[in-house]
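Colleague: One structure is given below, represented as structure tokens, and several questions about it will come after.
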Amino acid sequence: MELFITYNREKEMKKLVVIILCLYTTILSAKEWTFEISPQQLKMCSVSGLHRPQYFVQKCGIKNMVNLSFFTATTFIPPYKDLETTNLKNPKKWPFLTIENDGFPFIYNGKDLNDKNFDIVRKETKFIASGYPILMRDGKRTKIRKSYFSKRRCARTAVGIHPNGSMIIYVTTGATLKEVQDYFVGLGCMDAINFDGGSSTFLYLDGKKVYSSNEGRSYPNVLYWE
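And the structure:
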């Protein structure tokens, strides 16, 4: 009996060591990309249905892009808008990024807008791209709710607004939301919002895939720049 117990303890210890090594390797091997872009260069493309990134390259001629809004099904897609497609239903009060018609970016908290205000926002913006959560407002950190979603170290895509007027696009293969927030604080951003992450994260540059955490994932929209 003692041998059996000792054997199992050793086996569990080996499992623990493997898990620790995997986590350590993930942290060390994490990659990140940062792009500073003028708001006038930043655009959004929405399409009917869900498509893989290569579709946006071949059909829409997009070369530089990242993933965008959260979504789980056609009945649960947060609000978005580009020049051709509009879906403004926002029952969950999602926060969202806009590029105004005057070219300036702004991040809205969906909970602060009633239907009338939201309609005004719709008319005065070039595009609306929703995400969650807001990471910074007016140069200050926002409170990040503790959950598996926020504490998990995984691929992330986020966008910040710098005081110099530029947009910061940040993609990482492994970070918690707190670490993403710390990154934007370190850059001196005034506002920042997290977009979809995990298996949805991808990055294309010059029409070629630089990173994709799930080859089979399809998307309703992408954020791109020229």
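Numbering (this note's numbering), first residue to last: -11 to 214.
Note that CB positions come from ideal geometry on N, CA and C, so glycine has one too.
(1) For Q46 and G37, what's the separation of their Cα atoms in angstroms?
(2) May I ask you to verify whether the stretch 85 to 101 touches the stretch 118 to 133, counting CB pairs closer than 8 Å and requiring at least 3?
(3) Given this structure, state the Cα-to-Cα distance separating F23 from D103, to the nearest angstrom.
(4) Under 7 Å Cβ to Cβ from W82, same chain only, skipping five residues before and after it: list those, please.
(5) Indicate whether G204 and A180 have their beta-carbon atoms separated by less than 8 Å.
(6) Can you give me the Cβ contacts of R40 inside the same chain, cut-off strictly under 6 Å, excluding the 5 residues immediately before and after it?
(7) Please classify Y158 as buried or exposed, where buried requires at least 16 other C-beta atoms within 10 Å of its C-beta.
(8) With a Cβ-Cβ cutoff of 8 Å, do R141 and V173 count as a contact?
(9) Sorted by chain position, which residues of the same chain lie with C-beta nearer than 7 Å to A143's C-beta, five sequence neighbours on each side aside?
(10) Short of 6 Å in beta carbon distance, which residues of its chain neighbour V168, apart from the five on each side in sequence? Order them along the chain.
(11) With distances taken between CB atoms, is the gap from V54 to L175 smaller than 8 Å?
(12) Would you kindly report the start and end of the unbroken beta strand (DSSP E) that includes R140?
(13) May I ask you to report which of helix, strand or coil DSSP gives K99?
(14) Under DSSP, the alpha helix (DSSP H) around L175 begins and ends at which residues?
(15) Would you mind giving the Cβ-Cβ distance between I87 and P27, rounded to the nearest angstrom? I have them listed as a contact below 8 Å.
(16) How far does the alpha helix (DSSP H) with K134 in it extend, from its first residue to its last?
(17) Just how far apart, CA to CA, sit L30 and L56?
(18) In the DSSP output, which residue or residues are listed as bridge partners for R144?
(19) Should N89 and T74 be called a contact, given that it needs their Cβ atoms to be closer than 8 Å?
(20) Quick check on N105: buried or exposed, where buried means 16 or more other Cβ atoms within 10 Å of its Cβ?
(21) Suppose contacts are defined by Cβ-Cβ distances below 8 Å. Is M32 in contact with P93 by that definition?
Modeller: In this structure, then:
(1) Going by C-alpha positions, Q46 is about 16 Å away from G37.
(2) Proximity of the stretch 85 to 101 to the stretch 118 to 133 meets the contact definition, three or more beta-carbon pairs being nearer than 8 Å.
(3) Going by the C-alpha atoms only, they are around 34 Å apart.
(4) So the list reads P66, P67, G98, S118 and Y120, once near-sequence residues are dropped.
(5) No. Outside cutoff.
(6) Answer for R40: S206, listed in chain order.
(7) Flag for Y158 reads buried.
(8) It is not a contact, given that the beta carbons lie outside the stated cut-off.
(9) Once the five neighbours on either side are set aside, the close Cβ partners of A143 are T160, T161, G162, G185, G186, T189 and S201.
(10) Counting only Cβ-Cβ distances below 6 Å, and skipping sequence neighbours, we find R144 and A146.
(11) When the beta-carbon positions are compared, V54 and L175 stay at least 8 Å from each other.
(12) Note, R140: premise wrong, no beta strand (DSSP E); not H, not E.
(13) K99 falls in the helix class under three-state DSSP.
(14) Where L175 is concerned, the enclosing alpha helix (DSSP H) stretches over L165 to L175.
(15) Between the beta-carbon of I87 and that of P27 there is about 6 Å, and that keeps the pair under the 8 Å contact cut.
(16) Unbroken run through K134: none, as it is neither H nor E.
(17) Roughly 12 Å between the two C-alpha positions.
(18) The beta-bridge partner set that DSSP reports for R144 consists of T160.
(19) Result no, Cβ atoms of N89 and T74 do not sit closer than 8 Å.
(20) Exposed, since its Cβ has fewer than 16 Cβ neighbours within 10 Å.
(21) Not a contact, by the Cβ cut-off of 8 Å.
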